[in-house]
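The next block holds one structure in the form of structure tokens; read it before the comments.
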Amino acid sequence: MPFHIVLTIPADSSLASKIFSLLVDLTRWSVMLPYYMPNKKKDSDDLISSVALLVIDAQDAFISSLTDSSTFLQRCSFAIEAARTLGLHTLFTEQVPDKLGHTNKELLRRAARPKIFHKTSFSALSAPGIENFLRDNEVYHVLVCGLETPICVYQTALQAIDKDIDATFLSDALGCRRIEDGNVALNAIIGLGCPALPTETVFYSLLSDALHPRFREFSNLVKTYSDQRFSIHEYLQSNPEPAKSEVDKPKKEKLCKQGSRPSWQGRNRNRKDQIVNSSGQTSDKLEEKEIKSAPLKIEKDSQKPNKTIERPKKKAKKAVSHKPKPGKQESP
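Residue numbers for the sequence shown follow numbering that gives the first Met the number 0, beginning at 0 and rising by one.
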């Protein structure tokens, strides 16, 4: 239920500025909170389809310079598998890969059909082709993780605001060489108006309900990564590739390919086309009865030799002396 707040701003300029900043914060969070709190399954599904995970510069050259590289690999791997479970697009950027190498192979294997963008700029959103990908796939919100917080991640936040792209930063899946610099940069990102939340918080908000069909799979993933005995290196070695989820399954073609055995639905549709082509009629003029009887009709007609297929010649039959009756044609 909407409500209104009426405030009388005092003459004191300092107090007035504080009240104004408070109103700005309230407006900002009133816009962001509905995004993270969908109240219907349909809203949750629509929300998930418009979100993508953006992994910035998770290259071995940068990971090796971290003071706690294992923790970063663990949290970044969890974010990638969580995105895979929910069916999100996963985008990777690589900073000058010719000189600095490519994305960590184990992280890349966690993703379903990853999309990689090379860049020389510090902002990930400046990578050639990435904005076109977001627009073509109707992605309006990116979840950001990767390296390094005070450089490429911070520059990405600035450009997200400039380009009017919603971005949420996964606070536990970011990394940098100096922890102090990362904390200062993350606070600056929050000050810009970009939310920074733990990975579990964001993905639970996307699911929004324990009745979501992917909730159980995600909760099992949380248990796996939360185990005290969990070792990211052993996990990646023992699980070279995660189990396939729905996003991995290729879409079934409605019409069968030539030479393959089609399903009944595709088979009937193909036979309908064969009848139309052989008779010269358009498909719009065929009635439903003709379509249903198409399989049987084709089976009978298929015994006749096709013009394009050479068949062994049959022995010539003796001429028949009697003449056909008027109005009727003689069957072959």
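For every residue, glycine included, the Cβ atom is placed at its ideal position computed from N, Cα and C.
Cα-Cα separation, residue i to residue j
i: residue 218; j: residue 209; result: 10 Å
i: residue 151; j: residue 206; result: 29 Å
i: residue 352; j: residue 101; result: The requested residue 352 does not occur in the structure, where the chain is confined to residues 0 to 331.
i: residue 61; j: residue 71; result: 11 Å
i: residue 140; j: residue 230; result: 31 Å
i: residue 120; j: residue 156; result: 13 Å
i: residue 127; j: residue 166; result: 19 Å
i: residue 112; j: residue 228; result: 30 Å
i: residue 76; j: residue 136; result: 24 Å
i: residue 332; j: residue 64; result: The chain is shown only over 0 to 331; residue 332 falls outside these bounds and no answer can be derived.
i: residue 130; j: residue 95; result: 19 Å
i: residue 143; j: residue 122; result: 12 Å
i: residue 57; j: residue 145; result: 6 Å
i: residue 134; j: residue 97; result: 28 Å
i: residue 216; j: residue 186; result: 33 Å
i: residue 74; j: residue 222; result: 13 Å
i: residue 200; j: residue 174; result: 18 Å
i: residue 118; j: residue 48; result: 26 Å
i: residue 181; j: residue 59; result: 19 Å
i: residue 132; j: residue 168; result: 20 Å
i: residue 103; j: residue 232; result: 12 Å
i: residue 179; j: residue 204; result: 29 Å
i: residue 177; j: residue 237; result: 31 Å
Buried or exposed (CB count within 10 angstroms, at least 16 for buried), residue i
i: residue 83; result: buried
i: residue 198; result: buried
i: residue 69; result: exposed
i: residue 109; result: buried
i: residue 162; result: exposed
i: residue 147; result: buried
Beta-carbon spacing of residue i, residue j below 9 Å
i: residue 124; j: residue 164; result: yes
i: residue 54; j: residue 92; result: yes
i: residue 183; j: residue 149; result: yes
i: residue 220; j: residue 51; result: no
i: residue 153; j: residue 115; result: no
Bounding residues of the alpha helix (DSSP H) (the contiguous stretch that carries residue i)
i: residue 104; result: 104–109
i: residue 181; result: 178–190
i: residue 150; result: Neither: residue 150 is in no alpha helix (DSSP H) and is coded neither H nor E.
i: residue 217; result: 214–225
i: residue 84; result: 68–85
i: residue 232; result: 231–237
i: residue 60; result: 59–62
i: residue 65; result: Careful: residue 65 lies outside any alpha helix (DSSP H) and carries neither H nor E.
i: residue 99; result: 96–99
Enclosing beta strand (DSSP E) for residue i [first to last residue]
i: residue 114; result: 114–118
i: residue 345; result: Past the boundaries of the shown model lies residue 345; the chain is included only from 0 to 331, so the question cannot be answered.
i: residue 198; result: No beta strand (DSSP E) holds residue 198; the alpha helix (DSSP H) holding it covers 198–206.
i: residue 168; result: 165–174
Distance between beta carbons of residue j and residue i, contact taken as under 8 Å
i: residue 172; j: residue 193; result: In fact, because the Cβ distance is near 15 Å, the residues do not count as touching under 8 Å.
i: residue 79; j: residue 89; result: 6 Å
i: residue 202; j: residue 85; result: 7 Å
i: residue 225; j: residue 196; result: That pair is no contact at about 17 Å.
i: residue 235; j: residue 105; result: 4 Å
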